Each structure stands twice: as structure tokens, then as C-alpha cells.
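When we follow the numbering used here, the leftmost residue of the sequence shown carries the number 543, and every step to the right adds one.
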Amino acid sequence: MLNYLYYMYEEPMLINLGSWMTLGNMDMKYGLMIDQLSMVVIVPVGLVSMLVLMYSLDYMKLDPNRNRFYVILSSFVMFMTILIFSDNYIMMFMGWEFVGVMSYLLMSFWHTRLAAMKAALSAMLFNRFGDTLFVIFMASSLALFHSVDFYSIELLTPHTNSTITNLLAILLFFAATAKSVQYPLNSWLTYSMEGPTPVSSLLHAATMVCSGVFVLVRSSFITEFTPSILLFILFIGGFTTLVSGLIAIVTNDIKKVIALSTMSQLAIMMLAMGSSAYDLAMYHLYCHAFFKALLFMSAGSMIHSYMSETQDMRKYGGLINYLPYSYMSMTMASLSLMAMPGLTGYYSKHMMMETLYGSYTLSGYMMYFMATTSATLTAIYSLRVMYLTFFNNPKSNKNMYTYMHESYFLLIPMTILALYSMFLGYFRDNVIFNLNFNLPYSSYNNIMDIEFTIPTIFKYLPMMLGLSLSLSLVYIYEFMYKMPTKYKKYIYNYLNQRIYFDHLINNLIIRKTLMFSGYLNELIDNGLTKVLGSSGISRLIYTSNNRLSYSVTIIFINFIILFIFNIL
543 MLNYLYYMYE
553 EPMLINLGSW
563 MTLGNMDMKY
573 GLMIDQLSMV
583 VIVPVGLVSM
593 LVLMYSLDYM
603 KLDPNRNRFY
613 VILSSFVMFM
623 TILIFSDNYI
633 MMFMGWEFVG
643 VMSYLLMSFW
653 HTRLAAMKAA
663 LSAMLFNRFG
673 DTLFVIFMAS
683 SLALFHSVDF
693 YSIELLTPHT
703 NSTITNLLAI
713 LLFFAATAKS
723 VQYPLNSWLT
733 YSMEGPTPVS
743 SLLHAATMVC
753 SGVFVLVRSS
763 FITEFTPSIL
773 LFILFIGGFT
783 TLVSGLIAIV
793 TNDIKKVIAL
803 STMSQLAIMM
813 LAMGSSAYDL
823 AMYHLYCHAF
833 FKALLFMSAG
843 SMIHSYMSET
853 QDMRKYGGLI
863 NYLPYSYMSM
873 TMASLSLMAM
883 PGLTGYYSKH
893 MMMETLYGSY
903 TLSGYMMYFM
913 ATTSATLTAI
923 YSLRVMYLTF
933 FNNPKSNKNM
943 YTYMHESYFL
953 LIPMTILALY
963 SMFLGYFRDN
973 VIFNLNFNLP
983 YSSYNNIMDI
993 EFTIPTIFKY
1003 LPMMLGLSLS
1013 LSLVYIYEFM
1023 YKMPTKYKKY
1033 IYNYLNQRIY
1043 FDHLINNLII
1053 RKTLMFSGYL
1063 NELIDNGLTK
1073 VLGSSGISRL
1083 IYTSNNRLSY
1093 SVTIIFINFI
1103 ILFIFNIL
């Protein structure tokens, strides 16, 4: 219906739903904003959500709490829709906040598992940090602009002091970083794989982790006036995409490898936004939703076929003979993730990388080669997943393979997503051209210049490196697996421990925070609060009551004695 309204009028529409509150002269309203950006994002959100719900009907059919799961999943999609169509930051924050709450409920759906509860709590705490920064941003906007709606802030931003604009941009960026799992707020990502596979598919494809990118693009009228913050976004994206790729090549959990690939792809979108190519970032978000959902669904089909439901790829092997449809789906999604020519990922990913080189700046060249290295690593860990899962020698016992099966109902959404992963790239120009109308900077004309000025070798370098090194990796796995153990051990441990970043966060921040919290607990909760709070007041009343009762009793006894003495 919204698509029909938009294409009928062919211009952005604001639908006022009511008044939120009145603060002095400010009348804060809430409503829907239907424009090119919201229309582009709602398509993958709606389609992927529908297919994930269809997938869940079979995947969760034996779970006794499946009705609760469907309610939470539907609520999750509803709040994501509110976030997309909001016309001001307060309404956007409502969707933003409840998306985080619903993700907590979905990650902890199997609440009897300690690992699932820890993962959900970790995600919630990191998102609380981002939410706090978002609230500070809204408070700053109210103080500076006396408004929180997009159009008002967009008109006033060019006339605002650059220091204030930088502050607003950095608050928004770190709020988005918590949702879109960029360094340094990325530790919760791999732990979130403890939830059901449909949850992982929806979270990583089109909803939660993509909301940070959407908020940054929606707020691009702020970031475009902060070149230093754009450069900062550029370097954070480059570092994140490189490190996530390195960690993925030593990870053995199949869902965690796919999650790390999400982190890498979101970082490439950050690179595009740091280069002001917001339309290319949104187009990659649009395409990424379909092949990433297909990756998780294919992995879920394989996990579901095992009686033990293990996620360790080292225990797989030889599945090409037993799960042929899952193999074809995984192959299609992996090739699209690797940006093979003719598939969806190729048209969106390579344009962003060419834009980095086409900026003809030192930072652009640096980020291009970091993104090229990341694309090579993507090809390596994607082929590693395919090799260990389908082509390696079988690792499980014979009985496990005897009872292995594929659910044909799961194949329906997987087939639809496979078609999108193959053919969606051919609609590139339509998506980018529509986005150009309401973004502050259009890269469409710049793309045409880059097409004819960038050297041909730099167009195909990521693909050539990825193919050659990944095929070399297969050869090493097959024939040269006995490598020098000394350096391999150090490198493996370093990457397997996520470059010890989690240890650094735990020792420098988490432990210190817990120690400080314990000190405050002893000082305030168990100290001043008990003395001055309800416990202290109750003890004071009790003591005063006892003393008053004793005094009254003494007075009464003395009165009786004096009365009797006077009578006598």
C-alpha cells in the first residue's frame, strides 16, 4: 500500500499521526515519512521477514514455545518498520529501542541455556551504551535546534558551528556502531549465535545490525558537514572489515563465520559512507539482506539435519551427497558474498570498492587495498566453509549420515532467496537512481566517471586475488596440511581469541566497572541507603517507638504510685 502511494505521487510524503507532546513553543509530533530511502529499505525487511517466518514454521515446529517465538519475531519486524518510516528522531528511537529489546528476547529464547542468556545480556549491555549516546544526541538536538524532526535539522545543520556538528555526528556514529557491530562495540556479535537460526537470519540480514547503517544514511545531512568524522568512519570501517575477515578464517562454528561475514560487509558499507557514497551503501544493504538470509537458512538446514545439531564445521564433511539442495543454496549465497561476476553481490560490492579508489586521495587508496584484502579473506573463509562442510571426508559416524535428511518446506524460502541472490544485481540502476533524489550527496555521476578513469586492473584485483588465494587454500588443506606448528600456533591463537580485544575490554573496562560498582554498592546501597533509606528509617522508628513506650510506661507507673500515695 505504501509503495503504491509513493509511486502514485512520486515525491516524499509525510503522514501526521498525532502530537507527541508540547514543550513550550515546540509541538513534537509523530508520523510516517515515505520517501525513496524508506521504500528501498522496507522491501528487503518485508520480504526477508516473510521468508524467515515461513522458514520458522518448519524449523520451530517441535519447539513447545513456538507461539511465543512467532509473537516476538513479528513484534521485532513491527518495531523495525517503525524505525524505517519514522519522521523524527524520537519516533525512530522508539523503534530503535524496542528492536534491541526484541533482539534480547529472541537471543534468550532458549532461556534454560546459560550461554544463550549470557549472549543476550552481552548484546543488551552493548546496545545500552549505544542507546545512551542516541539519547544524548536527541537532547543535544532539542537544545540546539529546538526540534527532532529530520527536515528541520537538515535545514539548520549548514548554519551550525562545526564543533557542534562534529559532536552530533560522533554521537550518532557510535550509537550506530553498537547496533552495526563495528569496533570497538562488536564483541556481542558472535555470542548472539546462541539463539535459533531463524533469529540469526533475520537479525543479520535485514533488521537489527542494519539499523545502524540506516540511521547514519538517514542522518547523512549531518555527517556531510563533518569531513573529519567521515574520515574517522572510513578508518573504523577499514579496520573492522580487515580484522573480521582474519578472525573468520580460523573460526570453526559455521554460524559464527557467517556472523563475522556480516560484520565485514557492514564495515564495507561504512567505508562507502565515509566516502559519501550513501546510495551505494544502501544498495549493498539491499542486496546483502537476501544472500545473507540465504546463508543462514542454508546453515540452519544443515544444522537441523544433524541429530546432535552441532555447529562445528570440523564435524561435518561429505554433505554434498546427503544435502544437495542445501549445497546449491549455500554455493549460490557464498558466490554472491564473494562478489562473483553476474551475481547480486558483485554489482553492489565492487562499485563501493571502485569508489574508494576513484576518490584519488591517500585515505581512499589505503581503504581500497584494505577492502581488497578483506574481499580476498571473504573468498578464503567462504571456500573454507564449503570445503569443510561438503567436500571434506565425512567426520561423523555412519548412523548420523543414515538419518540425515532435508526438510522440503525449508527449501521454499531458500529457493526464493537464491533467485534474489542471482538476479537482484541487474536492478542496480533503478535503486541507485531513486536514492539520488533525497540524499545530500549523489555518487551516481561519480560512478560514471570512475567507470572510464579507473585502471582496469583495480576493477578486477579483488576478484582475482580472492579466487587465486582461495583455490590455493583448498590445495593446502588437501595436500599440505602439515605446516610449521610454531608460527601457526601463535597466529591461530591470536586470531582465534579475536586479537585479544575481548580480553582487553574485560580487563580495562568491564572488571574496573564491576569493581567500582561493588564499591558503590557497599558505600551507597549497603551504607547510606540503609542508614538514610527505608531500612534506616524503619530502625529509627522502631527505636524511637521503644524509647517512647518505655518513657510513657515509666510516667504512667510514677503517676499510679503518686495517686495511691496521695489517697493514703
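Where a beta carbon is used, it is the ideal one built from N, C-alpha and C, also for glycine. Model, not experiment: these values are computed from the prediction.
So, residue i versus residue j, is the Cβ gap smaller than 9 Å?
{"i": "S770", "j": "N728", "result": "no"}
{"i": "I764", "j": "T699", "result": "yes"}
{"i": "P955", "j": "L593", "result": "yes"}
{"i": "S650", "j": "I810", "result": "no"}
{"i": "N794", "j": "G859", "result": "no"}
{"i": "I775", "j": "M824", "result": "no"}
{"i": "M570", "j": "L556", "result": "no"}
{"i": "G642", "j": "I626", "result": "no"}
{"i": "S689", "j": "I706", "result": "no"}
{"i": "Y907", "j": "L898", "result": "yes"}
{"i": "M839", "j": "L952", "result": "yes"}
{"i": "Y864", "j": "S847", "result": "yes"}
{"i": "G884", "j": "G967", "result": "yes"}
{"i": "P740", "j": "G842", "result": "yes"}
{"i": "A835", "j": "S743", "result": "yes"}
{"i": "V723", "j": "L648", "result": "no"}
{"i": "Y725", "j": "F1043", "result": "yes"}
{"i": "L827", "j": "V755", "result": "yes"}
{"i": "T852", "j": "I862", "result": "no"}
Opposite residue i in the DSSP bridges: which residues?
{"i": "T886", "result": "Answer is none; T886 lacks a bridge partner."}
{"i": "K571", "result": "S561"}
{"i": "S770", "result": "Paired residues: none, contrary to the question."}
{"i": "N630", "result": "D691"}
{"i": "M555", "result": "I576"}
{"i": "D854", "result": "D795"}
The alpha helix (DSSP H) spanning residue i covers which residue range?
{"i": "N708", "result": "S704 to K721"}
{"i": "I796", "result": "I796 to G816"}
{"i": "H1045", "result": "F1043 to I1047"}
{"i": "A748", "result": "First-last for A748: undefined, no H or E at that position."}
{"i": "L737", "result": "Inspection of the sequence shows that residue 737 is occupied by Gly rather than by Leu. It is not in any alpha helix (DSSP H) - G737 carries neither H nor E in the DSSP assignment."}
{"i": "A875", "result": "P866 to L879"}
{"i": "A819", "result": "First-last for A819: undefined, no H or E at that position."}
{"i": "M946", "result": "Unbroken run through M946: none, as it is neither H nor E."}
{"i": "T1055", "result": "R1053 to L1062"}
{"i": "Y912", "result": "What sits at residue 912 in the sequence shown is Met, not Tyr. Start and end: L904 to M928."}
{"i": "I764", "result": "S762 to T765"}
If residue i and residue j are in contact, beta carbons under 8 Å, what's the gap, nearest whole angstrom?
{"i": "M659", "j": "S617", "result": "Not confirmed; about 20 Å, so no contact."}
{"i": "A522", "j": "G780", "result": "Past the edges of the chain, shown from 543 to 1110, lies residue 522, and the structure says nothing about it."}
{"i": "K721", "j": "V751", "result": "6 Å"}
{"i": "M874", "j": "A960", "result": "5 Å"}
{"i": "D600", "j": "S871", "result": "Contact doesn't hold; Cβ gap of about 15 Å is too wide."}
{"i": "T886", "j": "Y1002", "result": "With 8 Å as the limit, T886 and Y1002 do not qualify as a contact, their Cβ atoms being about 18 Å apart."}
{"i": "L758", "j": "F715", "result": "7 Å"}
{"i": "L615", "j": "S628", "result": "Actually they are not in contact, since the Cβ atoms of L615 and S628 sit about 21 Å apart, beyond 8 Å."}
{"i": "M909", "j": "L822", "result": "In fact, because the Cβ distance is near 14 Å, the residues do not count as touching under 8 Å."}
{"i": "F611", "j": "M620", "result": "Contact flag wrong, Cβ pair sits at about 15 Å."}
{"i": "Y923", "j": "A718", "result": "Between A718 and Y923 the Cβ distance is about 25 Å, and since that is not below 8 Å, they are no contact."}
{"i": "Y820", "j": "S734", "result": "The pair is not a contact, with the Cβ atoms about 27 Å apart (cut-off 8 Å)."}
{"i": "F635", "j": "M680", "result": "6 Å"}
What does the alpha-carbon distance come out to for the pair residue i and residue j?
{"i": "Y929", "j": "E736", "result": "24 Å"}
{"i": "F777", "j": "L784", "result": "11 Å"}
{"i": "Y889", "j": "H830", "result": "11 Å"}
{"i": "T623", "j": "L667", "result": "23 Å"}
{"i": "A662", "j": "A748", "result": "19 Å"}
{"i": "T732", "j": "T804", "result": "10 Å"}
{"i": "P586", "j": "F832", "result": "7 Å"}
{"i": "Y549", "j": "S591", "result": "Confidence is the limiting factor: at Y549 the pLDDT is only 47, short of 50, which leaves the residue's position unreliable, though a coordinate-based value still follows. Cα to Cα, the separation comes out at about 23 Å."}
{"i": "S664", "j": "Y646", "result": "9 Å"}
{"i": "P738", "j": "Y869", "result": "21 Å"}
{"i": "S1091", "j": "E639", "result": "54 Å"}
{"i": "L904", "j": "Y631", "result": "35 Å"}
{"i": "R608", "j": "N708", "result": "46 Å"}
{"i": "F767", "j": "I678", "result": "20 Å"}
{"i": "S561", "j": "F692", "result": "16 Å"}
{"i": "Y546", "j": "L579", "result": "With a pLDDT of only 47 at Y546, under 50, the local geometry of the prediction cannot be trusted, and the value read off the model is given with reservation. Roughly 15 Å separates the two Cα atoms."}
{"i": "L772", "j": "I796", "result": "34 Å"}
{"i": "S753", "j": "I1083", "result": "53 Å"}
{"i": "L684", "j": "S694", "result": "11 Å"}
{"i": "H653", "j": "A801", "result": "21 Å"}
{"i": "L559", "j": "E896", "result": "43 Å"}
{"i": "N1096", "j": "T1085", "result": "A small correction: the amino acid at residue 1096 is Ile; Asn does not occupy that position in the sequence shown. About 17 Å."}
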